[in-house]
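A.B. asks: Numbers 6 to 154, taken from the numbering used here, label the letters of the sequence shown in order. Glycine is no exception: its CB is placed at the ideal position from the N, C-alpha and C atoms. All of these numbers come straight from a predicted model, not from anything done at the bench.
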Amino acid sequence: MEYNIIINSKDVSGGLDISIIPENDVVRFIILQYKVWSLPKLINHVSESLSTGIEHAHIRNYSDMDWEDKAWAKNVKGSELQAGEMFLVHDIIGETTIKEALFDKILYDYGSKLLEIYQNDKTLPNLWVLEMHQALEKLKVKIDKENLT
């Protein structure tokens, strides 16, 4: 799976989009579903391998799932979820699985571009830039560890 972060996209409000090949709208819209101000919370949850979600967008991390969650994912997916995978569900678009390491990289690159674009935006809470820097740093540490294994 290849991806690109697109700046000044006409397809989404805010202009920052994700292109994934082969196309995977579930991954794309799970991330885009989050408002700019709430992205540090998502990044923190992902950096800690926690399951999380908001309205219509749900991320289930294998390492954070109990047996009932794994059984539910198997029923929906049709096969067992494997260690190192995430099960993503968008209530409108559908569901998919993705390697945790790949999702981490996509989210890191998207979050980094978002920070670059919005770091001087005065409409965001005062601590947003600091929270984004801290969240991205935590995710970068996780990605670096994943690259070592």
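#1: Of the choices Lys-118, Val-134 and Asp-96, whose alpha-carbon is the least far from that of Asn-125?
#2: Runs of 4 residues minimum, wholly inside the segment 54-115: which ones carry the alpha helix (DSSP H) assignment?
#3: Would you say Asp-69 and Ser-54 are within 8 angstroms of each other, going by their C-beta atoms?
#4: Can you give me the start and stop residues for the alpha helix (DSSP H) that Glu-28 sits inside?
#5: Kindly indicate the opening and closing residues of the beta strand (DSSP E) around Ile-10.
#6: Have a look at Val-146 and Val-81 and give me their C-alpha separation to the nearest angstrom.
#7: Going by DSSP in three states, Asp-149 sits in which element: helix, strand or coil?
#8: Among Glu-7, Met-137, Pro-130 and Tyr-113, which residue has its Cα nearest to the Cα of Ile-148?
#9: Between Ala-106 and Glu-151, how many whole angstroms is the CB-CB distance? I'm expecting something under 8 angstroms.
#10: Would you mind working out which of Glu-136, Met-6, Tyr-39 and Pro-27 sits nearest Val-17, comparing C-alpha positions?
#11: Excluding the 5 residues preceding and the 5 following Phe-92 in the sequence, name in chain order all residues of the same chain whose CB lies nearer than 6 angstroms to its CB.
C.D. replies: In short, the structure shows the following:
#1: Position 120 of the sequence shown, counting from 1, holds the residue named residue 125. The option with the nearest alpha carbon to Asn-125 is Val-134.
#2: 72-82
#3: Here residue 69 is taken as the residue at index 64 of the sequence shown, counted from 1. Here residue 54 is taken as the residue at index 49 of the sequence shown, counted from 1. Yes, Cβ-Cβ distance for Asp-69 and Ser-54 is below 8 angstroms.
#4: Start at 1 with the first residue of the sequence shown, and residue 28 comes out as number 23. First-last for Glu-28: undefined, no H or E at that position.
#5: Looking up residue 10 in the sequence shown gives position 5. Ile-10 -> beta strand (DSSP E) spans 7-11.
#6: As a first step, residue 146 must be located in the sequence shown, where it is residue number 141. As a first step, residue 81 must be located in the sequence shown, where it is residue number 76. Distance between the alpha carbons of Val-146 and Val-81 is about 32 angstroms.
#7: Numbered from its first residue, the sequence shown carries residue 149 at position 144. DSSP places Asp-149 in helix when its eight states are reduced to three.
#8: Counted from its first residue, the sequence shown places residue 148 at position 143. Nearest option by C-alpha distance: Tyr-113.
#9: Translated into positions along the sequence shown, residue 106 becomes position 101. Translated into positions along the sequence shown, residue 151 becomes position 146. Confirmed, Cβ separation roughly 4 angstroms.
#10: Taking the sequence shown and counting its residues from 1, one reaches residue 17 at position 12. Among Glu-136, Met-6, Tyr-39 and Pro-27, the Cα nearest to that of Val-17 belongs to Tyr-39.
#11: Locating residue 92 in the sequence shown gives position 87, counting from the first residue. If we look at Phe-92 and ignore the five residues flanking it on each side, its Cβ neighbours are Arg-65, Ala-78, Leu-86 and Thr-102.
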